[in-house]
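Each remark here refers to the structure printed beneath this line.
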Amino acid sequence: MGNDTNELQNFTASSSLPGVVFGPAAALFSREGAWRPSEDDITQFIQIDLGKAYHVTHIVIRGDEAGSYVSLFRLLHSDDNIRWHPYSEDNIVDKFFSGNVDSQTDRTILLTQPLTARYIRLNPLSWENHIALKIDIRGCSSTEGQHLCKVPFPPDKGAVSCEGNVSRQVCTAFCLGNLVFENKGPAIHYSCNEESDEISARGFPPCIGEFTKKNRMMYIISAGSCMFEEIDCLNVASSNYQYCGSCHHFSTCSSGYLYVRACPEQLEYDARKGQCEYRSSTCSTSHVSRRAQMSTIYSSIRLVHWAVTPTTVN
Numbered sequence: 389m390g391n392d393t394n395e396l397q398n399f400t401a402s403s404s405l406p407g408v409v410f411g412p413a414a415a416l417f418s419r420e421g422a423w424r425p426s427e428d429d430i431t432q433f434i435q436i437d438l439g440k441a442y443h444v445t446h447i448v449i450r451g452d453e454a455g456s457y458v459s460l461f462r463l464l465h466s467d468d469n470i471r472w473h474p475y476s477e478d479n480i481v482d483k484f485f486s487g488n489v490d491s492q493t494d495r496t497i498l499l500t501q502p503l504t505a506r507y508i509r510l511n512p513l514s515w516e517n518h519i520a521l522k523i524d525i526r527g528c529s530s531t532e533g534q535h536l537c538k539v540p541f542p543p544d545k546g547a548v549s550c551e552g553n554v555s556r557q558v559c560t561a562f563c564l565g566n567l568v569f570e571n572k573g574p575a576i577h578y579s580c581n582e583e584s585d586e587i588s589a590r591g592f593p594p595c596i597g598e599f600t601k602k603n604r605m606m607y608i609i610s611a612g613s614c615m616f617e618e619i620d621c622l623n624v625a626s627s628n629y630q631y632c633g634s635c636h637h638f639s640t641c642s643s644g645y646l647y648v649r650a651c652p653e654q655l656e657y658d659a660r661k662g663q664c665e666y667r668s669s670t671c672s673t674s675h676v677s678r679r680a681q682m683s684t685i686y687s688s689i690r691l692v693h694w695a696v697t698p699t700t701v702n
């Protein structure tokens with residue numbers, strides 16, 4: 389599959405300079421010119437509608453003939469042109485790709501975790517001179533069934549992040565601020581496959597209640613710190629961290645953005661090892677229970693001590 393076989397109107401962009409040699413269709417390798425947005429900033433993107441779901445394995449990009457090219461970019465995909473998901477790989481939720489090093493040499497990017505999607509969007513993050521791009525999407529027609537996993541809308545006052553593709557996904561929803569899901573804590577996750585379409589069938593409950601800082605630290609034994617809100621990701625390196633709300637989830641900070649992700653079933657995130665384990669050395673739900681039990685015991689001791697303390701009569 390090469391995108392030169394697609395209809396030209398399937399190419400759209402956030403903006404473009406006047407003239408056909410700068411429009412979205414100029415991003416085709418067979419066309420003159422290259423896509424040039426009207427402004428050079430990181431909000432710009434070019435988008436391709438493949439017409440149906442394709443199994444995408446490679447991306448090929450090139451600059452223009454005037455010395456401009458994209459040197460760093462993000463890749464996003466969607467199956468409905470409404471909900472967009474960043475390309476994720478291994479422990480990286482939102483991968484940044486290295487682009488061209490000059491304007492005339494093709495750069496081929498292999499997707500080590502191929503994605504299945506109908507819509508592809510490329511978002512330039514860094515460039516030389518100006519944003520200028522020609523792009524070719526390569527892969528094959530999807531053989532997956534029509535029963536696809538559809539990512540749910542975020543809960544009210546919450547957010548959702550998903551990993552996988554339209555045939556298999558794990559979606560984690562988390563409440564913003566200090567809110568929690570009713571009877572479920574601040575984060576929950578659902579899995580989905582082609583056969584069950586579990587995510588579409590269930591949805592997420594509303595965010596209510598309050599999750600205090602005291603509640604957060606009850607989970608942490610020796611992680612040093614934990615992430616709970618997007619503000620926690622400011623001024624820290626893009627990496628994985630302990631999540632304050634659950635041992636079975638972990639936080640990923642990526643360029644100041646917070647994503648909450650789920651460990652495989654029954655596993656707990658270990659910040660010291662940087663991976664999910666059967667038993668975490670940096671977080672423990674049993675630690676919460678022990679602390680609650682000890683708090684009750686100490687309260688009882690204080691009550692008994694108060695009850696038996698003799699009264700001094702002058």
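In this note's numbering, the protein residues as written are 389 to 702.
All C-beta atoms, glycine included, are put in the ideal place defined by N, C-alpha and C.
Closer than 8 Å is the cut-off here; do at least three beta carbon pairs connect the stretch 473 to 484 with the stretch 410 to 419?
They do not touch, by the three-pair rule.
Taking Cβ to Cβ, would you say D494 is nearer than 7 Å to R450?
yes
Quick check on the DSSP output: what are the complete beta strand (DSSP E) runs of length 3 or more inside the stretch 406 to 458, in order along the chain?
With a minimum length of 3 residues, the continuous beta strand (DSSP E) runs that stay inside the stretch 406 to 458 are 434 to 450.
For the beta strand (DSSP E) that contains R627, what are its first and last residues?
Arg is not the amino acid found at residue 627; the sequence shown has Ser there. That run of the beta strand (DSSP E) goes S627 to Q630.
Considering only their Cβ atoms, is the gap separating H465 from A401 smaller than 7 Å?
no
Taking the Cβ atom as the reference point for each residue, do C651 and H636 lie within a distance shorter than 7 Å?
The answer is yes: Cβ separation under 7 Å.
Cβ of F616 within 6 Å of any heavy atom in the ligand GTP?
Ligands are entirely absent from the displayed structure, and the ligand GTP is therefore not among its contents.
Under the rule that 16 or more other beta-carbon atoms within 10 Å means buried, what is A680, buried or exposed?
Low confidence applies to A680: its pLDDT is 40, below 50, so where it sits in the model is not reliable, and the reading given next is rough at best. Per the 10 Å Cβ criterion, exposed.
Tell me the DSSP secondary structure of D620 in three-state form.
Helix, per DSSP.
Among V648, L510, G644 and I508, which residue has its Cα nearest to the Cα of A575?
V648
Using only the alpha-carbon positions, how far apart do T670 and R660 sit?
7 Å
To the nearest angstrom, report how far apart Q492 and G421 are at their CA atoms.
Cα-Cα distance, rounded: 12 Å.
Comparing C-alpha positions only, which one of G546, V558 and C550 sits nearest to G573?
G573 has its Cα closest to that of G546, out of G546, V558 and C550.
To the nearest angstrom, report how far apart A441 and S529 are at their CA atoms.
The straight-line gap separating the alpha-carbon atoms of A441 and S529 is approximately 7 Å.
With distances taken Cα to Cα, identify the nearest neighbour of T431 among R462, E653 and S639.
R462
When we look at the beta-carbon of G533 and count the other beta-carbons within 10 Å, is it buried (16 or more) or exposed?
A caution first: G533 carries a pLDDT of 43, below 50, which makes its placement in the model unreliable, though a value can still be read off. Its Cβ having fewer than 16 others within 10 Å, G533 is exposed.
Leaving out the 5 sequence neighbours to the left and right, which residues in its chain are closer than 6 Å to R509 when beta-carbon positions are compared?
F433, Q435 and L464
Using a Cβ-Cβ distance under 7 Å, would D544 count as near chain C?
Among the chains in the structure shown there is no chain C, since it carries only a single protein chain.
If you reduce the DSSP assignment to three classes, tell me which class N511 lands in.
DSSP places N511 in the strand class (E or B) of the three-state scheme.
Name the one or two DSSP bridge partners that T504 has.
H443
Is the beta carbon of S672 closer than 7 Å to that of D658?
Contact: no.
Flag this pair as yes or no: are the beta carbons of L405 and T445 separated by less than 7 Å?
no
When you compare only the Cα positions, how much space is there between P594 and G633?
16 Å
Using a 10 Å radius around the Cβ and a threshold of 16 neighbouring Cβ atoms, would you call Q557 buried or exposed?
buried
Which term fits Y629, buried or exposed, when burial requires 16 or more other beta carbons within 10 angstroms of its beta carbon?
buried
Identify which residue in F399, N511 and S626 has its Cα closest to the Cα of D429.
For the residues F399, N511 and S626, the minimum Cα distance to D429 belongs to N511.
If you measure between the beta carbons of I470 and F485, is that distance less than 7 Å?
no
Buried or exposed, going by whether 16 or more other CB atoms sit within 10 Å of the CB of N623?
exposed
Tell me the rounded alpha-carbon separation between S579 and L521.
36 Å
Please report the distance separating the alpha-carbon of I525 from that of V448.
7 Å
Using the Cα positions of G411 and F569, report the straight-line distance between them to the nearest angstrom.
46 Å
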